[in-house]
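Chains as they are written, first to last, in our numbering: chain S, 2 to 115; chain V, 301 to 410. No residue lacks a Cβ here, since even glycine has one placed at the ideal position from N, Cα and C. Structure record follows, encoded as structure tokens.
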């Protein structure tokens, strides 16, 4: 399967703990996006990478959130000092670097903060 | 005001019906438009891009009205398998931020 993969698929943590999620994009895709989705809402943009450069960050991305894509391939999203409000599905998507290019989403990581 | 607004529904329609969804966007500089489909507890998947001239893919027709800043999706001859949430997506700065609507829920009833 050469689609976007995410790990883990589910994560339960206690408030105050740190969590890290991984996304492996489709191999030839140099754009990578992170989104957050809560029940009844559409995905909300968090951040965007072009290769290893983080070019856009949403104001939703507080200082407890950090994302990296060190070699321009896989990416990690870390949430420090998790809060109950961080409970959501975290989706990763990738695309080629072309106009109107389709984004392909991974299956997401579902986070529950107790 | 939200960048993208959709009627969340739910829309419950019988098999074979025609159903239409609309979506409005607030930024006139929006450049790219898409409809995605999301099944329950699954990731969004591209249904179709929306082009200025309108486009059709089988039973699905998408249209863009730049003057009124809305896009539409028409589904003809609804199938049970069309039951899903349909997400309207707008891209303002090419390659950068994509804005999703809240989604419109469709249930096709036998």
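The shortest C-alpha to C-alpha distance from residue 358 (chain V) to any of V:405, V:364, V:348, V:391 is the one to V:348. With the criterion set as a beta carbon lying under 9 Å from some beta carbon of chain V, the members of the region 50-71 of chain S are 51, 56, 57, 59, in sequence order. The beta carbon of residue 313 (chain V) sits closer than 8 Å to the beta carbons of 319, 378, 406, 407, 408, 409 from its chain, once the five residues preceding and following it are set aside; these are given in chain order.
Taking a cut-off of 8 Å on C-beta distances, the region 20-39 of chain S touches the region 71-79 of chain S, as three or more cross pairs fall below it. For residue 396 (chain V), the residues of chain S that pass the 8 Å Cβ criterion are 49, 56, 57, in the order they occur in the chain. Taken in chain order, the complete beta strand (DSSP E) segments of 3 or more residues contained in the region 2-76 of chain S are 6-8, 11-14, 20-25, 32-38, 45-51, 54-58, 66-69. Below the 7 Å Cβ cutoff, chain S contributes 92, 106, 107, 108, 109 as neighbours of residue 343 (chain V), in chain order.
The C-alpha of residue 321 (chain V) lies about 11 Å from the C-alpha of residue 305 (chain V).
Across the region 12-24 of chain S, no CB contact with chain V closer than 9 Å is found for any residue.
Nearest Cα to residue 302 (chain V) within the set S:43, S:62, S:96, S:79: S:43.
Here residue 357 (chain V) is bridged, per DSSP, to V:360.
Straight-line spacing of the CA atoms in residue 343 (chain V) and residue 92 (chain S) works out to 8 Å. Within a 10 Å sphere around the beta-carbon of residue 330 (chain V) sit 16 or more other beta-carbons, which makes this residue buried. Annotated three-state conformation of residue 380 (chain V) is helix, per DSSP. According to DSSP, residue pairing for residue 345 (chain V) in a beta bridge involves V:337. In the DSSP assignment, residue 94 (chain S) falls within the unbroken beta strand (DSSP E) covering 89-96. In this structure, residue 41 (chain S) sits away from residue 105 (chain S), with a CB-CB distance that is not shorter than 8 Å. Residue-level contact check: residue 86 (chain S) does not touch chain V, since none of the beta carbons of chain V fall below 8 Å from its beta carbon.
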